[in-house]
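To keep things clear, I will list the structure first and then write my remarks on it.
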Amino acid sequence: MSKHVFFVTCPKGVEYLLADELESFGLAQVRNAPAGVWVEGTLESGYRACLWSRLANRVMLHIAEVDARSAEELYEGVVSLDWQAHIPASGSFRVTFLGQNEEIRNTQFGAQKVKDGIVDSIRGAGMPRPSVAPKDPDVTISARLNRGRLAVGLDLSGHSLHMRGYRTEKGLAPLKENLAAALLMRSGWPDIAAAGGDFVDPMCGSGTLLIEAALMALDIAPGRRVERFGFEKWPGHQPELWLGLRQEAERRAHEGKQKRIPAFAGFDQDSRVIDTARNNIRRAGLDNLVQVEVRPVTGFERQESWAEQGLVLTNPPYGERLSERKELAGLYQALGEVVLRELPGWRLAVFTGAPEFGKSIGLRSFKQYKLFNGKLPAQLLLFEIQPENARTPRDPAAPGQVMPRIANPERADMLRNRLKKNLKTIGQWARKQNIGCYRLYDADMPEYALAIDIYEGRVHVQEYLAPKSIDEKAARERLAEAMAVIPEVLEVASENLVCKQRQRQTGTKQYEKQAATGEYFNVHEHGCTLKVNLKDYLDTGLFLDHRPVRYWIQQHSRGKRFLNLFCYTGAATVHAAVGGASRSLSLDMSKTYVSWAQDNLALNRTDSRKHVVEQADCLAWLADRKTANQTFDLIFMDPPTFSNSARMAGVLDIQRDHGAMVRQCMERLSSDGVLIFSNNFRKFKLDEDLEQEFEVKEVTASTLDKDFQRNQKIHRCWHIQHKLTD
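Okay, so the sequence shown: first residue is 1 according to the UniProt record's numbering, each after it adds one.
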């Protein structure tokens with residue numbers, strides 16, 4: 001059979017699972033896309049995806065891609081296609097449209113241009129005009145505009161495949177069926193079921209997780225009860241091929257019920273949703289196989305017939321109202337207590353939009369997955385229910401914890417709007433510059449004295465210490481509002497957001513740990529890989545404001561000898577090495593940062609014999625007599641404002657000591673070399689005598705990127721060179 005290209009959509013965060021599932025249908029992955037996967041395979045494989053995919057939203061048969069930089073270009077591209085092969089004679093169609101550009105700014109206009117092109121193409125071929133049917137068309141055409149190109153396809157599914165046909169009652173929106181299936185897969189349910197395990201949902205609501213677990217374990221096609229698919233009136237449809245797949249699905253459904261059937265048990269304290277669950281179970285054809293009953297979490301008890309292993313998967317309330325959130329800690333703690341008492345040896349999986357309450361469960365999570373419930377960031381927490389994994393439950397609403405909540409909606413809207421505005425300006429600038437780590441917000445509004453930094457999808461929030469004139473309770477209330485708004489606007493799960501209070505650090509305090517999570521991860525900057533840690537130290541391991549300084553060093557380091565004083569985690573040295581420095585020496589008195597700098601250099605595969613990092617007191621090193629091999633072409637010196645560390649021979653005061661330090665650096669600088677001198681003391685004044693002795697040029701303005709334009713005093717920077725002699 002001939003090969004076709006398909007674009008298969010899915011919920012955000014499920015792309016990799018979907019790619020694996022589609023591969024099992026015979027569809028080879030071409031590339032991933034946000035909320036979807038491009039694949040290639042036979043028409044039979046596309047049909048199979050419509051019938052069997054538990055994760056997909058829609059399956060689109062790719063027809064063509066045309067230029068669409070303008071509305072006219074889009075129209076001409078659509079007109080040129082052979083639409084008689086896809087729209088039945090005298091049939092009906094509709095168009096779904098996604099995307100925009102400078103000329104096509106709304107989907108309604110884009111859809112209309114595609115419709116016009118299709119109709120004119122068919123009439124131009126001498127065929128009757130097809131009708132446009134917004135509801136129940138013969139075929140649906142999908143048009144997706146991206147970067148001046150329009151991908152046109154036929155929606156084989158005809159409807160969102162998450163709709164299996166068993167959920168028809170209106171009410172509070174439960175989990176969508178394909179998201180429920182993704183949670184089951186991430187929780188390991190297929191393997192647990194194959195090993196003889198059972199399934200329990202102690203807060204089952206309308207029963208979606210129970211039904212999807214049963215369909216999966218019994219090998220029942222999720223599209224088995226769907227009445228009609230989008231390809232059935234398509235001129236290219238192959239009815240015999242489709243009939244064979246339907247017959248195969250019926251056979252597998254029958255055979256699935258001949259094997260061991262796991263126990264499927266659901267409970268909920270709300271009798272109304274249990275009634276809905278029973279109706280859904282009946283419509284899914286699972287009567288007598290899935291059992292539900294009214295019972296609160298605190299009344300949960302193990303049944304004797306259950307296996308020794310199994311999965312507890314549940315989606316507790318998120319507590320959108322403050323009064324509800326106050327009860328969440330108790331609910332999560334009760335869940336942890338009953339499963340630990342009743343189901344040791346099982347696995348617990350909790351899908352929640354309030355992951356901070358996961359600590360109230362009283363078990364150590366071994367895995368977390370970031371997902372979305374609609375547009376709401378959520379998290380799947382996995383636990384092995386074993387006594388040795390027990391921990392003391394923690395209430396995030398307890399004193400000392402900042403509980404996200406909005407006390408003043410109007411004030412919170414101000415922050416929400418500012419963050420959205422910054423995302424459109426600074427965020428867009430960062431994407432165009434291929435910058436993944438940047439400052440999004442820096443105390444733009446006096447009510448929210450925060451610095452918000454993005455680290456490739458994670459968020460680092462620093463609360464500036466409020467003056468004594470600000471009431472502590474009021475400051476805490478505003479921080480709680482910010483912690484509610486930031487994850488919502490930035491679409492990040494709470495575990496990917498870290499909040500700290502910024503205070504002046506002196507002496508050894510700048511090196512002291514704030515926590516001990518050991519949660520390092522890698523980020524990227526101008527071709528360099530750098531290790532950061534958002535939780536354990538006051539700073540993250542990467543000073544974002546010095547990004548342009550590091551890039552300048554990278555661009556001017558080829559063949560140069562580089563010295564990095566007060567090197568911190570060695571980021572500038574990495575840039576120099578990646579830029580082609582012949583050798584480098586990096587010095588810092590902190591053993592922690594020396595090790596960190598060595599790790600950063602190793603991440604970038606540098607030669608440790610040429611790029612050396614040593615623990616040293618930079619003041620003492622500079623004061624020592626210059627030795628052989630201590631001449632450098634580029635020197636970067638960014639000292640702290642003040643330090644009285646016990647490791648130092650003296651006390652560093654940058655205003656008092658910088659003149660001597662610069663002169664000592666210049667003794668080690670080659671005749672045509674450059675010293676890059678920087679510091680962040682806001683009241684700093686450069687020693688006027690230095691300008692008489694050397695060529696001094698302040699370059700501060702060129703070292704502040706767009707994300708630090710609001711805070712131009714964050715650092716100052718100079719290039720210092722030897723004066724040319726006649």
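All C-beta atoms in this analysis are idealised placements derived from N, C-alpha and C, irrespective of residue type, glycine included.
A direct Cα-Cα distance of roughly 28 Å separates A443 from W552. The C-beta distance from E65 to R149 rounds to 5 Å, short enough to fall under 8 Å. Minimum Cα-Cα distance from I281 among the listed residues R295, A265, D270 corresponds to A265. By the C-beta density criterion, D607 is exposed, having fewer than 16 other C-beta atoms within 10 angstroms.
In this structure, L587 is the residue among S595, L587, W38, A602 with its C-alpha nearest to the C-alpha of A620. Per DSSP, V312 is one residue of the beta strand (DSSP E) stretching across 310-314.
Comparing alpha carbon positions, the residue from G126, A602, V312, E177 closest to P202 is V312. For Q721, same chain residues with a beta-carbon under 6 Å away, outside a window of 5 residues either side, are V674, E695 in chain order.
Contact check for W429 and K706: beta-carbon distance about 5 Å, within the 8 Å limit, so the pair qualifies. Looking at the DSSP output, T529 bridges to H524.
Annotated three-state conformation of N564 is strand, per DSSP.
Boundaries of the alpha helix (DSSP H) around G659: 654-667.
Distances from the CA of M589 to each of L565, Q379, S365, R418 were compared; the closest alpha carbon is that of L565.
Taking the Cα of P262 as reference, the smallest distance to any Cα among F229, F562, W189, R295 is reached at W189.
Boundaries of the alpha helix (DSSP H) around L245: 239-256. Considered as a whole, the segment 427-477 harbours 428-432 as its complete alpha helix (DSSP H) runs of no fewer than 4 residues, in chain order. T573 is positioned such that its CB atom lies no closer than 8 Å to that of L544.
Taking a 10 Å sphere around the C-beta of L724, we find fewer than 16 other C-beta atoms and assign the residue as exposed.
CA-to-CA, the gap between E481 and D471 works out to about 16 Å.
With respect to L686, W718 sits close: the two C-beta atoms are nearer than 8 Å. Put simply, the segment 89-99 does not touch the segment 34-51. Fewer than three CB pairs are less than 8 Å apart. For P190, the enclosing alpha helix (DSSP H) covers residues 189-194. G26 and Q712 have their C-alpha atoms spaced approximately 56 Å apart. DSSP places I63 inside the beta strand (DSSP E), whose first and last residues are 58-67. In the structure shown, S586 adopts extended strand secondary structure according to DSSP, grouped into three states. In this structure, D138 lies near K233, with their beta-carbon atoms less than 8 Å apart.
The straight-line gap separating the alpha-carbon atoms of R48 and R246 is approximately 9 Å. Selection Q555, G579, L603 evaluated against T569 yields L603 as nearest (Cα-Cα). Taking 4 residues as the minimum length, the alpha helix (DSSP H) runs contained wholly in the segment 38-118 are 43-52, 71-79, in order along the chain. Within the model, the alpha-carbon separation for K560 versus A577 is close to 9 Å.
In summary, R167 is buried, with 16 or more beta-carbon neighbours lying within 10 Å of its beta-carbon over all protein chains present. 8 Å or more divides the Cβ of R411 from the Cβ of E463. In terms of Cβ geometry, P222 and R283 do not form a close pair [threshold 8 Å].
Of the candidates F642, G541, R458, the residue whose Cα lies closest to the Cα of T592 is G541. Residue state for H575 is assigned as helix, using DSSP reduced to three classes. Per DSSP, reduced to three states, the secondary structure at F351 is strand.
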